[in-house]
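Novice:
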Amino acid sequence: MTEVASVASSAFPARPGNLVRFLIDGEAIFRRIGEAVASARHGVWLTVAFYADDFRFPDGLALFDVLDAAVARGLDVRVLFWRPNPESSGYGRTFAGTPSDRDLLRARGSRFKVRWDRAKGAFCQHQKSWMIDAGHPSETAFVGGANLTAKALLRHDVYAEITGPSATDIRHNFVQRWNDASERTAPDGNWACDPLDELPILQAMPISQGSSTVQVQRTLGPDKSILDQYKQAIDAASRTIYLENQAIPIPEVAAHLEGALQRGVEVILVVPAIPEAPVYEARRDPARRGLFNALERLAAYPNFLLAGMAESSNADRRFTYVHAKVMIVDDTWATVGSCNLHTFSLTGNAEMNASIWDAGAATALRCALFRRQLNVETASLPGREAFAFFRSVARDNRRKIETVSGGLEGAAIMLLPTAYAREPDALP
1075 MTEVASVASS AFPARPGNLV RFLIDGEAIF RRIGEAVASA RHGVWLTVAF
1125 YADDFRFPDG LALFDVLDAA VARGLDVRVL FWRPNPESSG YGRTFAGTPS
1175 DRDLLRARGS RFKVRWDRAK GAFCQHQKSW MIDAGHPSET AFVGGANLTA
1225 KALLRHDVYA EITGPSATDI RHNFVQRWND ASERTAPDGN WACDPLDELP
1275 ILQAMPISQG SSTVQVQRTL GPDKSILDQY KQAIDAASRT IYLENQAIPI
1325 PEVAAHLEGA LQRGVEVILV VPAIPEAPVY EARRDPARRG LFNALERLAA
1375 YPNFLLAGMA ESSNADRRFT YVHAKVMIVD DTWATVGSCN LHTFSLTGNA
1425 EMNASIWDAG AATALRCALF RRQLNVETAS LPGREAFAFF RSVARDNRRK
1475 IETVSGGLEG AAIMLLPTAY AREPDALP
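Counting in the numbering used here, the sequence shown runs from 1075 upward without gaps.
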């Protein structure tokens, strides 16, 4: 039986007794988070990377409307927004606390507390977490990768909802970042609070809620436990590894995947069929050639599949953007969070993942993701058979797109590693 070890490098231990629920794609993610905020009795704390004012919860409410309503109910509402440095200002839309941002809060009369936080240099404060009722029996945490933009609702993403002892570590992460936020003493670094507004490190530990052991792992300062966990989990795999990620893996991670392939492990890696512009730029950069060489080496193994996601009909060759950050090993262990498999996420951004030891939960997540990818139920198939079926569907869907012959079966489509990110807007 697979034994993925927890990582000693994390600031937090692996804790038993958690209940974990997985949320797939923007509508389900934000509907559930919206419900949790609406039913919160004490507080709502969130960490935000990217934000655009076109974001709406599935019920049509805007973020600030939801937060203002929570304050009006007497809740302690706090938001950590990322403030980009000049060298990271082009990554996407943010709520950086500019004069116009503060004018908006003032015009609204918003009273939720805000602190802005920079990362070092070109890095990003990339954690996307929600903390409901911190330190109370109803404490619930959400960890994942979806941003607060309208575009996020159209992307493929995954969140984990966690109740139980490990929620306290997600709480601790927020407290640490709130108290240490880079802009807390800046004249424009706070809203509805002052630099002396600090949160205590609460010792209250939630009671056991379920059967999952969870370890919260981060990229944050010297803590690189997400990278450590990825490598350990890949090295422990004996049957199957399923990954969904916005980024192709850095060579260090790809080398561990190649080792798994050499052991006969089935590996499926789902990435955006049409990645963002910087990936095409990297493909053209001779200095980045090693990144793509590592991916192409994986393609030499028949037990490896690189896949993307097509729209269900794909009559106009549209593809679903994969924004998830997930890995499942042997249907016994899984990790979900904000961390991409590129250098920035693994070494310099602020990131947070939850790793879960629970065969039932890991299998349920894999089956749910396969249902999303294949549009059929695979729960009755053993892991290797399910992987073979995935590979067959992905290959057949590629043939259908290339020959314009019939509708697709699900969304999975085989990609060619040697062609990945070579021609903009072309199926690799």
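Yeah, the Cβ is synthetic: ideal placement off N, Cα and C, and Gly gets one too. Being a predicted model, the structure only gives us computed values, none of them experimental.
Measure the Cβ-Cβ separation of V1153 and V1410 and say whether it is below 8 Å.
Specialist: Contact flag unset, no.
Novice: Decide if the stretch 1258-1274 is in contact with the stretch 1173-1188; the criterion is three or more beta carbon pairs, one per stretch, under 8 Å apart.
Specialist: Segments in contact, yes.
Novice: Where does the unbroken alpha helix (DSSP H) through K1474 begin, and where does it stop?
Specialist: First-last of the alpha helix (DSSP H) with K1474: 1457-1477.
Novice: Using 8 Å as the Cβ pair cut-off and three pairs as the minimum, do the stretch 1449-1458 and the stretch 1310-1324 touch?
Specialist: In short, these stretches touch, since the Cβ pair count reaches three.
Novice: Verify whether the separation of the beta carbon atoms of L1507 and P1498 is less than 8 Å.
Specialist: The displayed coordinates of the chain run from 1075 to 1502. Any statement about residue 1507 would go beyond what the structure contains.
Novice: Is it buried or exposed for T1259, if we count other Cβ within 10 angstroms and need 16 for buried?
Specialist: Exposed: under 16 other Cβ atoms inside 10 Å.
Novice: Pull up the DSSP beta-bridge partners for G1411, would you.
Specialist: Beta-bridge pairing links G1411 to N1427.
Novice: Given a cut-off of 8 Å, decide if T1293 and N1414 are closer than it, judged by their beta-carbon atoms.
Specialist: Cβ distance not < 8 Å, so N1414 and T1293 don't count as in contact.
Novice: Rounded to the nearest angstrom, how far is the Cβ of G1238 from that of G1117, given a contact under 8 Å?
Specialist: That pair is no contact at about 18 Å.
Novice: Which residues in the same chain have their Cβ closer than 8 Å to the Cβ of D1470, if we skip the five residues on either side of it in sequence?
Specialist: Excluding sequence neighbours, D1470 sits near E1483.
Novice: Quick one: measure Cβ to Cβ for L1372 and E1332, integer angstroms, because I've assumed they're closer than 8 Å.
Specialist: Yes, L1372 and E1332 are in contact; Cβ-Cβ is about 6 Å, under 8 Å.
Novice: At the level of alpha carbons, what is the spacing between S1419 and R1130?
Specialist: Roughly 27 Å between the two C-alpha positions.
Novice: Pull the bridge partners of M1488 from the DSSP assignment, please.
Specialist: For M1488, which the question treats as bridged, DSSP gives the partners A1381.
Novice: Terminal residues of the continuous beta strand (DSSP E) containing Q1289?
Specialist: Unbroken beta strand (DSSP E) run through Q1289: 1286-1294.
Novice: Pull the bridge partners of G1218 from the DSSP assignment, please.
Specialist: Answer by DSSP bridge pairing, in chain order: K1202, Y1233.
Novice: According to DSSP, is V1327 part of a helix, a strand, or is it coil?
Specialist: Looking at V1327 - three-state DSSP - the assignment turns out to be helix.
Novice: If you measure from the beta carbon of G1171 to each beta carbon in chain C, is any gap under 8 Å?
Specialist: Of the protein chains in this structure there is only one, and it is not chain C.
Novice: Three or more beta-carbon pairs under 8 Å between the stretch 1271-1280 and the stretch 1317-1324, yes or no?
Specialist: No: fewer than three Cβ pairs fall under 8 Å.
Novice: Residues bridged to R1392 by DSSP?
Specialist: R1392 pairs with nothing; no bridge assigned.
Novice: For R1157, which of V1145, S1256, D1405 has the nearest alpha-carbon?
Specialist: Looking at the Cα atoms, S1256 is the closest of the given residues.
Novice: Thinking just about the alpha-carbon of each residue, which of K1194, H1230, V1290, R1363 is nearest to the one in E1161?
Specialist: That would be K1194, whose Cα lies nearest to the Cα of E1161.
Novice: Under DSSP, the alpha helix (DSSP H) around I1342 begins and ends at which residues?
Specialist: That residue, I1342, is in no alpha helix (DSSP H); its beta strand (DSSP E) goes 1340-1344.
Novice: Ordered along the chain, which non-local residues of its own chain (more than five positions away) have a Cβ less than 6 Å from that of V1400?
Specialist: Closer than 6 Å at Cβ, skipping near neighbours: V1232, E1318, V1410.
Novice: What are the residues that DSSP puts in a beta bridge with W1156?
Specialist: In DSSP, W1156 forms a bridge with D1191.
Novice: Residues bridged to V1118 by DSSP?
Specialist: V1151, I1206, per the DSSP bridge assignment.
Novice: Among H1246, D1099, T1168, which one has its Cα closest to the Cα of Y1125?
Specialist: Here the closest residue by C-alpha is T1168.
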